[in-house]
Amino acid sequence: MDSWSLGFDEKDVESYAGLGGERPWTPAPASPGQRSRQELPAGGHALRVRIIADYICPWCYIGQERVERLARELPIALEPWPYELMPQLPPGGLPRELVLGRRYPRQYYERLREQARQEGIPLEVPERLYNTHLAHEAAMFAEAEGKGWELHRALYRAYWAEARDIGDRDVLCRLAEECGLDADSLDRALAEGRYREEVDRRQAWARGQGIAGVPTFIFGDGLFALVGAQEYGVFQDVARRLLARLARE
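Here the sequence shown stands for residues 0 to 248, numbered as in numbering that gives the first Met the number 0.
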């Protein structure tokens, strides 16, 4: 399993992420005015998958591609959830090597690129890491405007394929415009901090569940959790088993 973490012990999730037993997750905060961008399919049984992720995490980029493929195959709805890995990063970001040192060898990045190639997505490792709070705020703005997934994809692509500063308001507004959103409206929302508290509230919920590594995928109302960009077959197997369980209930 591949993920980025800040001291998180994967056993903390795996110890209670089984298909049986009680659900350990507390209910997620309600989001008045927010609409899911992937509605649950009509008819039959459907499963919601919450994707707790950050745009500067390469495994989040790869993992999201895999669960999006899953959503095209099975009746599941994907719910993106903000999580800042490095909230301490200043405006303009910092050099990757300064932040991470030589923690990751060359082979690690080669494996990343190979995994991305398998998913058909471009990935080049940017030299800088950027603060992503504004990016998460922009994503929530897009979600409310019905363009959430378009901007999610654009944010990952802008960072991992184009090395753009996704913490910069001008960059975010240009990306929004490319996705068919009104750039001026987004600029006002970011200037006002309209979604700042909601991003913080959602992150607090995630950390309250003991999550400190991303991507983390929560299936159903806490029925099951997966940490890391698992192979597609793992996502597929978990989703099918849970859908079968829901059909029996």
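A virtual CB, placed ideally from N, CA and C, is assigned to each residue, including glycine.
How big is the Cα-Cα spacing for residue i and residue j?
i	j	result
G62	A52	9 Å
P79	E144	15 Å
R195	L99	27 Å
F234	W58	14 Å
R239	H151	25 Å
R293	L84	Residue 293 is absent from the model: the chain starts at 0 and stops at 248.
E67	D236	15 Å
P31	Q106	With a pLDDT of only 38 at P31, under 50, the local geometry of the prediction cannot be trusted, and the value read off the model is given with reservation. Their Cα atoms are separated by approximately 45 Å.
P23	Q208	Residue confidence for P23 is low, a pLDDT of 44 falling below 50, so the modelled location carries little weight; the figure read from the coordinates is stated next. About 8 Å.
Along the beta strand (DSSP E) that carries residue i, what are the first and last residues, could you check?
i	result
I75	75–81
R116	That residue, R116, is in no beta strand (DSSP E); its alpha helix (DSSP H) goes 105–118.
Leaving out five residues on either side along the sequence, give the residues of the same chain with a beta carbon under 8 Å from the beta carbon of residue i.
i	result
G179	K146, E149
R95	V124, P125, E126, R127, L128
D186	R168, C172
L241	L18, L46, F218, G219, L222, F223
For residue i, which residues in the same chain have their Cβ closer than 7 Å to its Cβ, ignoring the five residues on either side in sequence?
i	result
L88	L128, Y129, N130
E177	A153
First and last residue of the alpha helix (DSSP H) that includes residue i?
i	result
L133	132–143
R71	57–72
G232	231–247
R156	147–159
R102	First-last for R102: undefined, no H or E at that position.
L171	168–177
A182	182–191
Which residues share a DSSP beta bridge with residue i?
i	result
G92	Per DSSP, none; premise fails for G92.
C225	Rather than Cys, the amino acid found at residue 225 in this sequence is Leu. The partner list for L225 (beta bridge, DSSP) reads F216.
I50	P79, F216
R201	Partner(s): none; R201 has no beta bridge.
L128	L93
So, for residue i: in the same chain, excluding its five sequence neighbours on each side, which residues have a beta-carbon less than 6 Å away from its beta-carbon?
i	result
A188	F140
R112	L122
L39	Residue confidence is low: L39 scores 44 on pLDDT, short of 50, so the model does not pin down where it sits. Its coordinate-derived value is still stated next. So the qualifying residues of the chain are A45, A76.
Should the stretch 128–147 be regarded as contacting the stretch 191–203, the criterion being three or more beta carbon pairs within less than 8 Å? Yes: the two stretches touch, three or more of their Cβ pairs being nearer than 8 Å.
Contact the stretch 236–245 vs the stretch 220–227: 3+ CB pairs below 8 Å: The stretch 236–245 makes contact with the stretch 220–227; the number of CB pairs closer than 8 Å reaches 3 or more.
Are the stretch 106–123 and the stretch 151–161 touching, with three or more C-beta to C-beta distances below 8 Å? Enough Cβ pairs lie closer than 8 Å, so yes.
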